[in-house]
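Counting in this note's numbering, the sequence shown runs from 27 upward without gaps.
Beta carbons are placed, not taken as given, at the ideal position from N, Cα and C, and that holds for glycine.
Only a predicted model underlies this, so the values are computations on that prediction, with no experimental measurement involved.
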Amino acid sequence: MAAEDKEKIAFHTGHGVYCYTKMPFGLKNAGATCQRLMDKAFENQMGRNIELPSPQTIKEVQSLNEKLARLNRFLSKSAEKSLPLFQTLKKCIKKSDFRWTTEAEQAFQ
Numbered sequence: 027m028a029a030e031d032k033e034k035i036a037f038h039t040g041h042g043v044y045c046y047t048k049m050p051f052g053l054k055n056a057g058a059t060c061q062r063l064m065d066k067a068f069e070n071q072m073g074r075n076i077e078l079p080s081p082q083t084i085k086e087v088q089s090l091n092e093k094l095a096r097l098n099r100f101l102s103k104s105a106e107k108s109l110p111l112f113q114t115l116k117k118c119i120k121k122s123d124f125r126w127t128t129e130a131e132q133a134f135q
């Protein structure tokens with residue numbers, strides 16, 4: 027492998043930064059190889075996203091912006107309301123640390 031290519035194939039893990047010393051398929055095929063791997067890894071997710079046509083008029087663009095603003099407000103409020111629950115769960119290191127009480131059940135209802 028060429029010395030100038032080593033930095034292009036470095037990767038980071040929880041244990042440190044690593045790089046290959048040789049690649050049998052070469053860097054010219056790395057993109058296609060990576061794409062095949064991603065396609066295989068996410069094959070059950072492919073096609074599950076909603077695809078919308080691009081807005082064609084100013085009114086359609088404004089309508090889309092309004093919908094996105096409403097979605098943003100909803101997600102922000104939802105995150106704020108669920109924050110206490112997530113903070114409680116974060117404190118529980120073991121499953122046995124979490125206790126679902128009648129008080130919690132009443133609050134949930």
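Expected contact under 8 angstroms - CB spacing of residue i and residue j to nearest Å
i: F112; j: C118; result: The Cβ separation is near 11 angstroms, so there is no contact.
Residue i vs residue j beta-carbon contact at 7 angstroms
i: A36; j: C45; result: yes
i: P81; j: L94; result: no
Given residue i as reference, the closest of the options once Cα atoms are compared
i: S108; options: E77, F134 and R74; result: F134
Boundaries (first-last residue) of the beta strand (DSSP E) holding residue i
i: F37; result: F37 to T39
i: G42; result: G42 to Y44
First through last residue of the alpha helix (DSSP H) which encompasses residue i
i: C60; result: A56 to A67
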